[in-house]
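Residue numbers (my numbering): 60 to 618.
Ideal Cβ positions, reconstructed from N, Cα and C, are used throughout, including at glycine.
See structure below.
Following this line, the structure appears as structure tokens:
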């Protein structure tokens, strides 16, 4: 029961998670959900759009709808302002917008029900008529943070991370060596001198030059392997490769006397513990709508983050500017104390959470039937593209979700609406080149820890789009590089070049720096044409350098 309770489909031992180089990674993911739970960002969503309501209600109580279809927000705002001097329960516009309006005795009571039920809401008596009308127009059309809607946000975030966990398990277990996800029962020779083993205790040793860990299970009469066996047993070998081997073991985290283990037999785990034969090399540390932390083999970490970003873009594209994904990887050698890893992760999470907002400028808006592709100029001078769906699955125009916070406060389009605090929200399809928008960017960060002291280092922090670009540039470099050695030499050469140019570069012409990088890349990778230009542009942005650092230094990948 003890064994079954602690070991499920996943593992609890870092030795089983560690990849072929003895390295693992702690991935942390979050989506800045708190402002959605407290209702702050729900103000950007519509239950219906004013022009849509006006279009489908041209006549109200046998009279033409007085709201101007060309300037619906401003027209409705002025209409309500003009009615605040006297409460008329039979007003056709207010009756159409709120069924309960006709049953209220006066404006303060109606305002209390519509506006003052929200957290930190203003009171009727603390506002003038212009402000009262602004709050009424806003509340009558925005989605409200009701308990059901807030719970839906909670469940969608939870489901998003739960689905990722399933995918991460599949990514983590991929290997050409079937021993990657298998355990063995190792029985010691009996009687064995000095074999005083304690039930449930983890023992460490070495075999074939690699770390080898086992846990003694008295009920099984032997040891259960708790290491990545693919580091020890070749794919074509059988379990009996361990038979007759002598391994010196000592208790983990103790300075006790080492004990010799002479292996009499190595076999598959028998019943009733046969469910322990195969495992997923993954340790789940935390899974909630607010944060997802998991330990995976380092060689699988990049693909996991790739998937997380792709799924986030697919699932939350309509609100991606207000629901940013924050993805972090802290890679570490198995010898690094885990507490140091946790400290590094917390520091990285803090950095990913800031800055809160950025101003992006639209440079292009391409509309197709289902979505708009928006190209933005970002504060770092780079252009990044986001695709926002603007139709519902049933084919209707989506006038409910894809709104962005506009930098200006001018109502320009029929779908524009203004929050009572003055913020203007604009439909993604209505954005034009030159428009400034407020975006909370999605980010990805990574840090490789060779020692515990590395936890104080900053690591690399990128826009999520730049993480994807970095991964693409690595794949390009691998395709064109003549060898792994060429990539390693290029990395060293780029480091030396940047150190040598550190003081001179600010005064050097931009073309000179570009030409120098191009010549260096061409020399080491023996490439030309479009590939060389792409690599040069990536080097100018620092993405090529980061790609080489991450994939060669941390992941120890080869070309």
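C-alpha gap between residue i and residue j, whole angstroms
i           : j           : result
residue 409 : residue 164 : 51 Å
residue 618 : residue 73  : In this predicted model, residue 618 has a pLDDT of only 46, less than 50, meaning its place in the structure is not dependable; the value taken from the coordinates is given anyway. Their Cα atoms are separated by approximately 27 Å.
residue 599 : residue 472 : 39 Å
residue 500 : residue 534 : 25 Å
residue 148 : residue 142 : 11 Å
residue 100 : residue 94  : 6 Å
residue 224 : residue 393 : 22 Å
residue 455 : residue 444 : 24 Å
residue 75  : residue 480 : 54 Å
residue 360 : residue 488 : 36 Å
residue 282 : residue 516 : 40 Å
residue 272 : residue 266 : 10 Å
residue 181 : residue 98  : 15 Å
residue 604 : residue 550 : 7 Å
residue 352 : residue 80  : 22 Å
residue 259 : residue 68  : 19 Å
residue 231 : residue 280 : 30 Å
residue 522 : residue 144 : 51 Å
residue 83  : residue 588 : 38 Å
residue 167 : residue 158 : 17 Å
residue 476 : residue 139 : 15 Å
residue 297 : residue 349 : 44 Å
residue 324 : residue 356 : 29 Å
residue 134 : residue 125 : 8 Å
residue 610 : residue 556 : 20 Å
residue 240 : residue 375 : 34 Å
residue 426 : residue 369 : 21 Å
residue 601 : residue 289 : 35 Å
residue 329 : residue 378 : 51 Å
residue 185 : residue 214 : 37 Å
residue 172 : residue 474 : 26 Å
residue 462 : residue 236 : 49 Å
residue 578 : residue 338 : 49 Å
residue 558 : residue 595 : 18 Å
residue 175 : residue 191 : 11 Å
Per DSSP, cross-strand counterpart(s) of residue i
i           : result
residue 210 : Looking at the DSSP assignment, residue 210 forms no beta bridge with any residue, so it has no partner.
residue 508 : 391
residue 116 : Answer by DSSP bridge pairing: none, since residue 116 is not bridged.
residue 274 : 261, 283
residue 495 : 420
residue 173 : DSSP, once it has assigned bridges, lists no residue as partnering residue 173.
residue 484 : 464, 476
residue 123 : 118
Best match in the options for proximity to residue i [C-alpha to C-alpha]
i           : options            : result
residue 388 : 400, 198, 223, 179 : 400
residue 246 : 219, 321, 334, 541 : 321
residue 285 : 311, 212, 524, 374 : 311
residue 442 : 462, 452, 421      : 421
residue 263 : 255, 257, 274      : 274
residue 583 : 541, 155, 241      : 541
residue 257 : 210, 309, 241      : 309
residue 520 : 503, 509, 530, 508 : 503
residue 188 : 179, 170, 334, 303 : 170
residue 326 : 349, 255, 242      : 242
residue 333 : 177, 175, 244      : 244
residue 431 : 476, 469, 490      : 490
residue 414 : 344, 474, 91       : 91
residue 87  : 607, 537, 424, 402 : 402
residue 383 : 136, 524, 593, 331 : 524
residue 428 : 184, 447, 434, 586 : 447
residue 507 : 110, 608, 411      : 608
residue 532 : 592, 317, 373, 492 : 592
residue 505 : 518, 493, 316      : 518
residue 486 : 514, 513, 433, 527 : 433
residue 71  : 335, 109, 317      : 335
residue 423 : 576, 495, 371      : 495
residue 513 : 364, 77, 395       : 395
residue 268 : 191, 306, 277, 317 : 306
residue 194 : 226, 222, 137      : 137
8 Å contact criterion, which residue i and residue j should meet: CB distance rounded
i           : j           : result
residue 437 : residue 416 : Not confirmed; about 12 Å, so no contact.
residue 228 : residue 341 : 6 Å
residue 449 : residue 467 : Going by Cβ atoms, the distance from residue 449 to residue 467 rounds to 21 Å, so no, they are not a contact pair.
residue 132 : residue 470 : 6 Å
residue 354 : residue 614 : Not a contact, Cβ separation roughly 16 Å.
residue 397 : residue 419 : That belief does not hold up - the Cβ atoms of residue 397 and residue 419 are roughly 38 Å apart, past 8 Å.
residue 536 : residue 606 : 7 Å
Report task. Mind the definition here: the segment 559-568 touches the segment 499-517 only if three or more C-beta pairs lie below 8 Å; say whether that holds. Result -> no
Report task. Assess, as a yes-or-no matter, whether the segment 112-123 is touched by the segment 208-223 under the definition of 3 or more beta carbon pairs within less than 8 Å. Result -> no
Query raised in the report: Okay, do the segment 103-117 and the segment 193-204 touch, 3+ Cβ pairs below 8 Å being the bar?
Result: yes
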